[in-house]
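First to last, the protein sequences are chains A and B. For what it's worth, the working numbering labels the leading residue of the first sequence as 7, then goes sequentially. For what it's worth, the working numbering labels the leading residue of the second sequence as 166, then goes sequentially.
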Amino acid sequence: MVDDELLGTHRQELRRGTVVLACLLALRAPEYGYALLKRLAAAGIPSDANTIYPLLRRLEERGLLASEWNTDDTRPRKFYRTSPAGSALADQLMSDMTDLTASLHALNGGAVE
Amino acid sequence: MTSLTDRYVAATLRGIPEKQRADVERELRSSIADAVEDRVANGEERVAAETAVLEELGNPTKLAAGMVGRPVYLIGPELFIAYRHILLLLLGIVVPIVGVVQAIVAISGDAGIGQAIGAGILAALSIAIQVAFWVTLAFAIVERVDPATWKDADLKELTAPWTIEHLPDLPSSGAVSVGETAGEIVTLGISIGGLLYLRDWSWVDNASGDPIPLFNPALWDFWFPVIIGVLVLQAVFQIVKLLIGRWTVGLAIVNAGLLSAVAIPFAVLALTGELINPAFADAIGWPQLAEGDSVAMLAVAAVSILVNGWEVVSGFRLARRRPQTEMEYAR
């Protein structure tokens with residue numbers, strides 16, 4: 007049985023690299039911060055609010071996301087959407103991720119299931 | 166009454182630049198409200214829900230740093246090795262020099278030996294703190310500047326990729342060689358011979374044709390015999406060290422004792438004006454030479470302490486070394 011703490015640390019390491027990709031993919035459909043968190047969790051990628059909110063701002067600053075305030079709802083919400091540059095990056099990262107998964111399966115002694 | 170959320174938002178905004186504050190505040194408040202409402206809809210009590218949401222968001226200072234992209238560490242892994250290297254290098258050079266110089270300055274005033282050592286240690290401590298502070302500050306600033314804007318080539322060197330030229334030589338292993346031992350013994354022999362020779366020979370003679378010795382003749386009553394005795398012991402020590410074959414902690418301790426037994430009396434005699442024969446100083450027309458607070462005597466004392474101090478330190482360093490490679494084990 008793997009030690010819980012050890013597993014937690016390594017899981018966190020493994021997921022850290024995929025959060026950006028997950029956000030860029032998910033935000034091809036515009037979404038505000040809290041709803042994005044719920045969508046990621048529902049998709050099996052639970053993330054911390056204090057990771058995602060700062061990340062959204064930094065991705066926006068680098069031009070990978072665009073944002074727009076929506077004031078029609080009960081409360082004003084900042085909607086993020088993946089920019090063309092962000093979308094191109096997401097395609098590249100997604101293909102890398104697929105290759106990586108295939109490589110890991112090969113190392114694990116079998117072909118991709 | 167201010168709510169927990171108000172306080173949390175205010176604490177976060179303190180770390181956000183003025184022009185982004187309005188936007189961050191609006192988004193943060195709406196995110197918190199969304200999360201709280203979600204929990205309340207699931208049957209949680211409002212204050213408990215608010216507390217839970219804010220605790221999940223964590224330390225507001227850290228959250229703000231993440232939003233601005235500011236590092237939450239002083240010096241990161243990119244710079245840490247260069248930082249440590251420069252810090253240790255500077256401390257190793259500056260601290261002993263300042264300490265010894267301060268002690269010598271104190272002794273050349275009216276201070277006794279104890280006071281002088283105290284002054285030296287104080288000066289060394291305060292310069293160590295200064296060096297550590299300024300080096301750390303400089304690196305903390307470099308850490309916060311975008312490397313792309315660095316113009317200085319030396320600064321770029323700090324994070325330059327490691328190449329084979331950076332590979333250090335194998336450290337000497339602390340093994341003792343015959344050549345090194347012979348060299349040490351010859352040097353000691355010259356020192357002893359020189360002292361004895363200068364007892365009865367000099368560059369200047371008095372009116373009746375007798376030599377005026379360089380060193381104070383009174384020292385032959387006690388100090389010079391002692392010093393020569395210790396120098397002989399140092400030669401014996403060199404042979405023992407060769408027989409053992411390598412530096413050990415015990416040898417390093419004995420080495421420290423033997424070196425101190427020469428360096429300290431020598432420095433003290435120089436600083437108290439007892440080393441040089443006043444008649445000799447007068448005869449060469451430089452009467453101040455024999456005085457303890459002359460520049461020449463300060464220099465003699467400083468060189469004596471620094472050179473022997475370095476030998477003591479390097480003895481301990483070599484004693485700590487273990488054979489580094491299989492090749493050396495085989496030797």
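No residue lacks a Cβ here, since even glycine has one placed at the ideal position from N, Cα and C. Keep in mind it's a predicted model, so treat the numbers as computed, not measured.
Identify whether residue i lies in helix, strand or coil by the three-state DSSP scheme.
i, result
"Arg496 of chain B", "With a pLDDT of 46 at Arg496 of chain B, under the threshold of 50, the modelled position of that residue is not reliable, and the figure given next carries that caveat. Three-state DSSP puts Arg496 of chain B in coil, outside helix and strand."
"Asp370 of chain B", "strand"
"Ala91 of chain A", "helix"
"Leu379 of chain B", "coil"
"Leu440 of chain B", "coil"
"Tyr86 of chain A", "strand"
"Asn56 of chain A", "helix"
"Ser196 of chain B", "helix"
"Tyr38 of chain A", "strand"
"Arg22 of chain A", "helix"
Which chain B residues are close to residue i, counting only those with a beta carbon under 7 Å from its beta carbon?
i, result
"Pro60 of chain A", "Leu228, Gly231, Met232"
Please classify residue i as buried or exposed, where buried requires at least 16 other C-beta atoms within 10 Å of its C-beta.
i, result
"Met462 of chain B", "buried"
"Thr3 of chain A", "The structure shown does not extend to residue 3 of chain A, since chain A is modelled only from 7 through 119, so no value can be given for it."
"Glu439 of chain B", "buried"
"Glu37 of chain A", "buried"
"Pro225 of chain B", "buried"
"Pro382 of chain B", "exposed"
"Ala96 of chain A", "buried"
"Arg22 of chain A", "exposed"
"Tyr3 of chain A", "With chain A covering 7 to 119 only, the question about residue 3 of chain A has no answer from this structure."
"Trp451 of chain B", "exposed"
"Ala495 of chain B", "Confidence at Ala495 of chain B is low in this model, with a pLDDT of 49, below 50, so its placement is unreliable and no value can be given for it."
"Gly92 of chain A", "buried"
"Ser109 of chain A", "exposed"
To the nearest angstrom, how far is it from the Cα of residue i to the Cα of residue j?
i, j, result
"Asp188 of chain B", "Met232 of chain B", "12 Å"
"Ser469 of chain B", "Gly234 of chain B", "54 Å"
"Met103 of chain A", "Ala41 of chain A", "25 Å"
"Ala484 of chain B", "Tyr173 of chain B", "57 Å"
"Ala446 of chain B", "Pro376 of chain B", "13 Å"
"Glu243 of chain B", "Asp199 of chain B", "39 Å"
"Pro261 of chain B", "Ala289 of chain B", "7 Å"
"Gly115 of chain A", "Asp105 of chain A", "16 Å"
"Trp368 of chain B", "Ala271 of chain B", "33 Å"
"Leu43 of chain A", "Val259 of chain B", "54 Å"
"His111 of chain A", "Arg211 of chain B", "47 Å"
"Asn56 of chain A", "Leu332 of chain B", "42 Å"
Listing by chain order, which chain B residues have their CB less than 8 Å from the CB of residue i?
i, result
"Arg87 of chain A", "Chain B residues near Arg87 of chain A: none, gap ~15 Å exceeds 8 Å."
"Asn56 of chain A", "Glu221, Leu222, Gly223, Lys227, Leu228, Gly231"
Kindly give me the distance between the Cβ atoms of residue i and residue j, rounded to whole angstroms, as I take these residues to be in contact under 8 Å.
i, j, result
"Glu192 of chain B", "Gly39 of chain A", "7 Å"
"Val477 of chain B", "Leu424 of chain B", "5 Å"
What in chain A is Cβ-close to residue i, meaning under 9 Å?
i, result
"Glu308 of chain B", "Chain A residues near Glu308 of chain B: none, gap ~18 Å exceeds 9 Å."
"Ser168 of chain B", "Neighbours of Ser168 of chain B on chain A: none; closest Cβ ~15 Å, over 9 Å."
Cβ closer than 9 Å: which chain B residues qualify as neighbours of residue i?
i, result
"Arg22 of chain A", "None at all; the shortest Cβ gap to chain B is about 13 Å."
"Arg45 of chain A", "Ordered by position in chain B, no residue passes the 9 Å Cβ test against Arg45 of chain A, which lies about 13 Å from the chain."
Residues of chain A with CB closer than 8 Å to the CB of residue i, please, in chain order.
i, result
"Arg204 of chain B", "Per Cβ cutoff of 8 Å: no residues; Arg204 of chain B is ~12 Å from chain A at best."
"Arg191 of chain B", "Trp75, Pro82, Lys84"
Taking residue i as the query, report the chain A residues whose CB atoms sit under 7 Å from its CB, ordered along the chain.
i, result
"Asp498 of chain B", "Only positions 166 to 496 of chain B appear in this structure, which leaves residue 498 of chain B out of reach."
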